[in-house]
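Asks: Shown below is the structure under consideration.
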Amino acid sequence: MKKGFIMIMTVVISFTLLGCTSIPNNDDNTFIREEVSITHSVLSGAELGESGTSYDTTGLNRQEITETFLTNPSRVAIFSYDALDMLDYVGIDETSISLLGIVQTNIPTFLSAYESSDYEHVGTLFLPDYDVLDLFQPELIILGSRSTGAYDALKEQYPNADILDVTLIFGEYLEGLTRNAQNLAKIFPSVADDLQNTLDEIVDDMTIISDMTNTHEALFILVNGQALSFYGPTGRYAVLYDEFGFIPADDNVDSGGSHGDLVGYEYVSAVDPEVLFLLDRAAAIGNESTLDAVLNNSLVTSTEAGQNSHIYALNGEAWYIASGGFTSTLIMISDIQAFIDDITA
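Going by the working numbering, the sequence shown opens with residue 1323, and the numbers climb by one from there.
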């Protein structure tokens, strides 16, 4: 009797520590677990340091693999705001998830409901908390671009868990969005139709916008305190040119990458863009905004974009923190729509 009592108390304490009473409306017995085939791109063989900076979103060091997953997992740990965004948008309470673990640092405003103690904090966007995951015993782990380097370690630590990588590769925004939505639809069939319908709407919106922007030149600049960074047409923000259709004001395809190339106000003036998009990284991560200093700089205001009031501030949470989700992509579409509204007014 004493041994049995201890075992029962251990289970109770473990789940009390987890605190994952986040989705109480689900009845796990209504969700059948079946095998499905999932193809995704993983970063295998990466050595993830303490800072969690080992990740690759260029596709050069990644491997596309096809694995067997089980549908309708109940214990799910998500290290990707874009995947959480997708499931939240279509109704996470309509899925099989009953215990949800997420990253709770720097959560985008549109996902602020997940700051609740009802959800388990499983680490950072870069590094999993293995002590928490050991208690959690996830059935599905979802990785994003920042946590992708943890794939091998998680595979070894949790051999019975399915691990899905939803990293978006530079220059493949729509392809990645489509792959991730369809993979999630396979894993969570109860929301498959909503995932596909939302994806179709987003694709239609992007197509309409690109048809109206493909004769206009644009420049993308990330503002980080006093520093300006340029991203080229094949870098982190290639979506501006590929999906949203703008012509690169500077078509240097070797520039930008993941972190951008440092430039000065003289550079912006020399390029003289027709349209200028600014992303305030400092504000996106909760620091003081310096965007006004850029907007009021004489070299910026004297550009064609400045003279014609075609300078637009982008939503940092959607473009920088959580790009690749449904809500974030719709916000990105809304940001570009501001330019469309101006030229069609």
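For glycine and all other residues, C-beta sits at the position ideal for the given N, C-alpha and C.
Helix or strand or just coil, what does DSSP make of D1664?
Replies: Numbered from its first residue, the sequence shown carries residue 1664 at position 342. Reduced to three states, the DSSP call for D1664 is helix.
Asks: Would you call G1299 buried or exposed, if buried means 16 or more other Cβ atoms sit within 10 Å of its Cβ?
Replies: Beyond the ends of the chain as shown, which are 1323 and 1667, falls residue 1299; an answer cannot be given.
Asks: Using a 10 Å radius around the Cβ and a threshold of 16 neighbouring Cβ atoms, would you call D1350 buried or exposed?
Replies: As a first step, residue 1350 is located in the sequence shown; it is residue number 28 there, counting from the start. Note that D1350 has pLDDT 48, beneath the 50 cutoff, so the model's placement of it is unreliable and the number below is only indicative. The residue is exposed, with fewer than 16 neighbouring Cβ atoms inside 10 Å.
Asks: If you follow the alpha helix (DSSP H) that T1500 is in, where does it begin and where does it stop?
Replies: Position 178 of the sequence shown, counted from the first residue, corresponds to residue 1500. Element bounds for T1500: Y1495 to I1509.
Asks: Count the other CB atoms within 10 Å of the CB of A1605; is the residue buried (16 or more) or exposed (fewer)?
Replies: By one-based count along the sequence shown, residue 1605 stands at place 283. Buried: at least 16 other Cβ atoms inside 10 Å.
Asks: If you draw a straight line from the alpha carbon of G1326 to that of G1445, how long is it in whole angstroms?
Replies: As a first step, residue 1326 must be located in the sequence shown, where it is residue number 4. As a first step, residue 1445 must be located in the sequence shown, where it is residue number 123. Per-residue confidence for G1326 stands at a pLDDT of 42, beneath the threshold of 50, marking its modelled position as unreliable; the derived number appears in the next sentence. Distance between the alpha carbons of G1326 and G1445: 33 Å.
Asks: With burial defined as no fewer than 16 other Cβ atoms inside 10 Å of the residue's Cβ, what is the status of D1533: buried or exposed?
Replies: Taking the first residue of the sequence shown as 1, we reach residue 1533 at position 211. D1533 is exposed by the Cβ-count criterion.
Asks: Alpha carbon to alpha carbon, what distance is there between L1392 and Y1495?
Replies: Mapped onto the sequence shown, residue 1495 falls at position 173. Mapped onto the sequence shown, residue 1392 falls at position 70. Computed Cα separation, rounded: 26 Å.
Asks: Put S1439 into one of helix, strand or coil per three-state DSSP.
Replies: Counted from its first residue, the sequence shown places residue 1439 at position 117. Note: S1439 maps to coil in three-state DSSP.
Asks: On the three-pair Cβ rule with 8 Å, is the segment 1601–1615 touching the segment 1395–1414?
Replies: Because the criterion of three Cβ pairs below 8 Å is not met, the segment 1601–1615 and the segment 1395–1414 do not touch.
Asks: Which runs of the alpha helix (DSSP H) at least 4 residues long sit entirely within the segment 1499–1563? Give them in chain order.
Replies: List check, alpha helix (DSSP H) in window: 1514–1535.
Asks: With DSSP as the reference, label Y1480 as helix, strand or coil.
Replies: Here residue 1480 is taken as the residue at index 158 of the sequence shown, counted from 1. Three-state result, Y1480: coil.
Asks: Pop quiz: V1488 and I1509 are said to be a contact at Cβ under 8 Å. What is the actual Cβ separation, rounded to whole angstroms?
Replies: One-based indexing of the sequence shown puts residue 1488 at position 166. One-based indexing of the sequence shown puts residue 1509 at position 187. No, V1488 and I1509 are not in contact; Cβ-Cβ is about 11 Å, not under 8 Å.
Asks: Could you check if H1362 is buried or exposed, using at least 16 other CB atoms within 10 Å of its CB as the buried criterion?
Replies: The residue given as residue 1362 occupies position 40 in the sequence shown. Label assigned to H1362: buried.
Asks: Do you know whose CA, among N1536, G1547 and H1581, lies nearest R1558's CA?
Replies: One-based indexing of the sequence shown puts residue 1558 at position 236. Checked all of N1536, G1547 and H1581; the closest Cα to R1558 is H1581.
Asks: So L1490 packs on S1512, CB below 8 Å; how close in whole Å?
Replies: Here residue 1490 is taken as the residue at index 168 of the sequence shown, counted from 1. Here residue 1512 is taken as the residue at index 190 of the sequence shown, counted from 1. No, L1490 and S1512 are not in contact; Cβ-Cβ is about 25 Å, not under 8 Å.
Asks: Do M1528 and E1565 have their C-beta atoms closer together than 8 Å?
Replies: Residue 1528 sits at position 206 when you count from the first residue of the sequence shown. Residue 1565 sits at position 243 when you count from the first residue of the sequence shown. Result yes, Cβ atoms of M1528 and E1565 sit closer than 8 Å.
Asks: Using CA coordinates, which residue listed in L1544, T1649, V1585 and L1584 is at the minimum distance from L1636?
Replies: For the purposes of this step, residue 1636 is identified with residue 314 of the sequence shown, where counting begins at 1. Of the listed residues, the one whose Cα sits closest to L1636 is L1544.
Asks: Helix, strand or coil for V1444, going by three-state DSSP, please let me know.
Replies: In the sequence shown, the residue the question calls residue 1444 occupies position 122. DSSP places V1444 in coil when its eight states are reduced to three.
Asks: For G1628 and E1596, I'd like the C-alpha separation in whole angstroms.
Replies: Position 306 of the sequence shown holds residue 1628. Position 274 of the sequence shown holds residue 1596. Distance between the alpha carbons of G1628 and E1596: 8 Å.
Asks: Beta carbon of E1357, beta carbon of T1390: below 8 Å?
Replies: Working through the sequence shown from its first residue, we reach residue 1357 at position 35. Working through the sequence shown from its first residue, we reach residue 1390 at position 68. Yes; because the gap between Cβ atoms is below 8 Å, this pair is in contact.
Asks: Can you list, in chain order, the residues of its chain with a C-beta nearer than 7 Å to that of S1451? Leave out the 5 residues immediately preceding and following it.
Replies: Taking the sequence shown and counting its residues from 1, the one referred to as residue 1451 is at position 129. Per the sequence shown, residue 1451 should be read as Asp rather than Ser. Answer for D1451: V1444 and G1445, listed in chain order.
Asks: Figure out for me which residue from N1630, N1609, I1530 and T1625 has the closest Cα to the Cα of Y1587.
Replies: Position 265 of the sequence shown, counting from 1, holds the residue named residue 1587. Minimum Cα distance to Y1587 is reached at T1625.
Asks: I'd like to know if the segment 1549–1556 and the segment 1641–1657 are in contact, where contact means that at least 3 CB-CB pairs between them fall below 8 Å.
Replies: Output reads no: the segment 1641–1657 does not touch the segment 1549–1556.
Asks: Are the Cβ atoms of A1503 and L1486 separated by less than 8 Å?
Replies: If you number the sequence shown from 1, residue 1503 lands on position 181. If you number the sequence shown from 1, residue 1486 lands on position 164. No.
Asks: Excluding the 5 residues flanking I1524 on each side, which residues of the same chain have their C-beta closer than 8 Å to its C-beta?
Replies: In the sequence shown, counting from the first residue as 1, residue 1524 sits at position 202. Closer than 8 Å at the Cβ level, and outside the excluded window around I1524, lie L1499, F1648, T1651, L1652 and I1655.
Asks: Work out the CA separation of D1594 and V1622 for me, nearest whole Å.
Replies: The count along the sequence shown starts at 1 and reaches residue 1622 at position 300. The count along the sequence shown starts at 1 and reaches residue 1594 at position 272. One C-alpha to the other measures close to 8 Å.
Asks: Roughly how many angstroms separate the alpha carbons of W1563 and Y1480, rounded to a whole number?
Replies: Within the sequence shown, the letter at position 241 stands for residue 1563. Within the sequence shown, the letter at position 158 stands for residue 1480. Looking at the sequence shown, residue 1563 is not Trp but Tyr. Taking the straight line from one Cα to the other gives about 40 Å.
Asks: I'd like to confirm the pairing. Which residues does DSSP put opposite T1390 in its beta bridges?
Replies: As a first step, residue 1390 is located in the sequence shown; it is residue number 68 there, counting from the start. Per DSSP, S1359.
Asks: For A1399, list the residues DSSP reports as bridge partners.
Replies: Here residue 1399 is taken as the residue at index 77 of the sequence shown, counted from 1. DSSP output for A1399 lists G1423 and I1463 as bridge partner(s).
Asks: Between A1483 and P1460, what straight-line distance do the alpha-carbon atoms span, to the nearest angstrom?
Replies: On the sequence shown, residue 1483 is found 161 positions in, with the first residue counted as 1. On the sequence shown, residue 1460 is found 138 positions in, with the first residue counted as 1. If you take the alpha carbons of A1483 and P1460, they lie about 6 Å apart.
Asks: Is L1584 buried or exposed, if buried means 16 or more other CB atoms sit within 10 Å of its CB?
Replies: Here residue 1584 is taken as the residue at index 262 of the sequence shown, counted from 1. Looking at its Cβ environment, which holds fewer than 16 other Cβ atoms inside 10 Å, L1584 is exposed.
Asks: Based on the DSSP secondary-structure assignment, which residues constitute the bridge partners of F1599?
Replies: Here residue 1599 corresponds to residue number 277 of the sequence shown, with the count starting at 1. Paired residue(s): F1542 and Y1634.
Asks: Reducing DSSP to helix, strand and coil, say where I1658 ends up.
Replies: For this step, residue 1658 is matched to residue 336 along the sequence shown. DSSP places I1658 in helix when its eight states are reduced to three.
Asks: Out of A1560, V1398, I1662 and F1542, point me to the one whose CA is closest to D1456's CA.
Replies: Stepping through the sequence shown from its first residue, residue 1456 is reached at position 134. Here the closest residue by C-alpha is V1398.
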